[in-house]
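In UniProt numbering, the protein residues as written are 1 to 599.
1) When DSSP labels each residue in this structure, what does residue 159 get in the three-state scheme?
2) In terms of residues, what are the limits of the alpha helix (DSSP H) holding residue 88?
3) Using only the alpha-carbon positions, how far apart do residue 146 and residue 247 sit?
4) Could you tell me which residues DSSP puts in a beta bridge with residue 416?
5) Verify whether the separation of the beta carbon atoms of residue 150 and residue 238 is less than 9 Å.
6) Answer yes or no: do residue 217 and residue 164 have a C-beta to C-beta separation smaller than 9 Å?
7) Should the segment 483-493 be regarded as contacting the segment 355-365, the criterion being three or more beta carbon pairs within less than 8 Å?
8) Suppose contacts are defined by Cβ-Cβ distances below 9 Å. Is residue 154 in contact with residue 182 by that definition?
9) On the premise that residue 404 lies in contact with residue 426, defined as a C-beta separation below 8 Å, what is that separation, rounded to the nearest angstrom?
10) Which residue comes first and which comes last in the beta strand (DSSP E) that contains residue 517?
11) Using 8 Å for Cβ pairs, my map puts residue 618 next to residue 36. What's the rounded Cβ distance?
12) Apart from the five residues on each side of it in sequence, which residues of its chain come closer than 8 Å, Cβ to Cβ, to residue 338?
13) So, for residue 250: in the same chain, excluding its five sequence neighbours on each side, which residues have a beta-carbon less than 6 Å away from its beta-carbon?
14) In the segment 45-81, which residue ranges form an unbroken beta strand (DSSP E) of at least 3 residues, counting only runs that do not cross its ends?
15) Please name the residue, chosen from 393, 314, 236, that lies closest to residue 174 on a Cα-to-Cα basis.
16) Buried or exposed: which applies to residue 6, given that a residue is buried once 16 or more other Cβ atoms fall within 10 Å of its Cβ?
17) From what residue to what residue does the beta strand (DSSP E) around residue 489 run?
18) Taking the DSSP output, what are the residues bridged to residue 373?
19) With a cut-off of 8 Å on the beta carbons, I'd call residue 408 and residue 371 a contact; round off their distance for me.
20) So the beta strand (DSSP E) residue 498 belongs to, where does it begin and stop?
21) Under 8 Å: do the segment 378-394 and the segment 352-359 share three or more Cβ pairs, one atom per stretch?
22) Indicate the three-state DSSP secondary structure (helix, strand or coil) for residue 199 in the structure shown.
23) Consult DSSP for residue 595 and reduce its assignment to one of helix, strand or coil.
24) Let me make sure I understand the geometry here. Which of 419, 80, 24, 271 has the alpha-carbon closest to that of residue 158?
25) Please state whether the Cβ-Cβ distance between residue 594 and residue 529 is less than 9 Å.
26) Using DSSP bridges, identify the partner residues of residue 19.
27) Taking 9 Å as the cut-off, decide whether the C-beta atoms of residue 448 and residue 468 are in contact.
28) So for residue 397, helix, strand or coil by DSSP?
29) Short of 7 Å in beta carbon distance, which residues of its chain neighbour residue 642, apart from the five on each side in sequence? Order them along the chain.
30) By the three-class DSSP mapping on this structure, what secondary structure does residue 530 have?
31) Of the choices 521, 65, 26, whose alpha-carbon is the least far from that of residue 41?
32) Which residue or residues does DSSP assign as beta-bridge partners of residue 386?
33) If you draw a straight line from the alpha carbon of residue 599 to that of residue 517, how long is it in whole angstroms?
34) Quick check: residue 255 and residue 281, are their CB atoms within less than 9 Å of each other?
35) Compute the distance between the beta-carbons of residue 423 and residue 459, then report whether it is under 9 Å.
36) Per DSSP, residue 292 is paired with what?
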């Protein structure tokens, strides 16, 4: 009979899960296991049933959890040696008709008598009789090959090490074990991803026996406890002493616990902590020897959330790909402070984020003063660019403007920047700034030039461009000539407003980006509604219909309709859909009020 407890790791039909609840569920008979699946799409709910919350999940997906009966048989767990044999010698070891017994001498210790891999040179016996056959030579050869393995990949094999878990009285894992060392003593790289480990000491107990280990991967393990007793810490540091590469993707460990683990690795230089749902980093610093750090596919939204990393003195490469970064600091921050990294950090990857403004691009040289290599492709900014005269710009034009705005950049999107490319890009950028100024009213010149921090330096380098301001009326077809005054406010809070003045030629995408950045809403979740100020008759009450004849327990819309008072008239509203269509074609007149909603 399996003992169930919160945090227990199980596998059913090859699908890993963690027990989050054990008990009764209202409206049913008997006991249930509430589990969170490692694959959040496999479940039916989020830990709530019938309006009652039974447990919380680490995943934010609404289908991460299920209730299953405790009588359901889980997949059998494996020890390290069993997992090793299954992966690398399964053809013979899994044969039910073959039982291998190695001859033991009276002087052999208990560990050797139990572990066949430790006695490769001893004769094989079946039912007490020594045999020498070709088939067993193959087995012996496979066992010998295991001891030569340098790269050991044991992911997804239901491995656990319960003997290493914390015992009563705070006793650590057993000392003097050799099962792992006897099996693969030459292992340099070890992958223990997606198994059934519950405590960090299980991993330490394995690595303690592998003196040559340099790389450790534990992706997808969901630990119940990563803390160690004070007496265990020196042993753990010795176990991980030579490991330089540490990867713990999709473990969903809090940043505090994750950083604490890194300090158990005295030689660590590369840390991969992707897909851990981090939206911000608490004030805990990882091992300061780290030179390469990947936080790919997390939920980070601002550069300021990276502040704990600024104290890493040797960091040279930072991967922030596929996050939600759209601003340097939160829009609501009363005293916005952008972080400043060590000048050793030269390579940054910001591709596949939510960057939609040049302001953030200009900020990069202050946040990363040593930046020479940048990847920034696949951001919304480069999909909706226009010049001052309304001419659309290509993503390639956007990349030229990026390198022109960042003086020290040497590599952009993996492509080295030649001296000729920089000359062309900076000249092109300078001409666009001059064109923007020429099309704008004279009162806007100072504001425009302030938005281009490198303009003054470029003028000193290439000469100040000749700006010919259009006489009399400004070109009515330009971006800046016909200005539109817009009051943006967030739905439900008319006090949270911003007044902006933009050219009518600005695209709906650009307005969406400005609104999302100010109100801190992701662009894809942002909805813009123009309140026209025009009123029209409201539908009569009898036209609404008999909605109370039907009921949907998953919707509150009907209750909201009943609470809404009848009106004689309603305002006409127009949703401004994201796209390259000019704002001036959506909005009539020169002033407008736009409501910002969250989808």
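By construction, the Cβ of each residue, glycine as well, lies at the ideal position given by its N, Cα and C atoms.
Reading from the atomic positions:
1) strand
2) Boundaries of the alpha helix (DSSP H) around residue 88: 80-88.
3) Distance between the alpha carbons of residue 146 and residue 247: 24 Å.
4) 411
5) no
6) No, they are not a contact pair.
7) They do not touch, by the three-pair rule.
8) no
9) 5 Å
10) Careful: residue 517 lies outside any beta strand (DSSP E), inside the alpha helix (DSSP H) at 508-519.
11) An answer regarding residue 618 cannot be provided, because it is not within the stretch 1 to 599 covered by the chain.
12) 303, 304, 328, 329, 363, 366, 367
13) Same-chain partners within the cutoff: 219, 220, 275.
14) 65-68
15) Among 393, 314, 236, the Cα nearest to that of residue 174 is on 236.
16) exposed
17) 483-490
18) 347, 411
19) 6 Å
20) 493-503
21) yes
22) In the structure shown, residue 199 sits in a strand (DSSP, three-state: E or B).
23) strand
24) 80
25) Going by C-beta atoms, residue 594 is nearer than 9 Å to residue 529.
26) DSSP lists 35 as partners of residue 19.
27) no
28) helix
29) Only positions 1 to 599 of the chain appear in this structure, which leaves residue 642 out of reach.
30) strand
31) 65
32) 392
33) 16 Å
34) yes
35) no
36) Residue 292 pairs with 270, 317.
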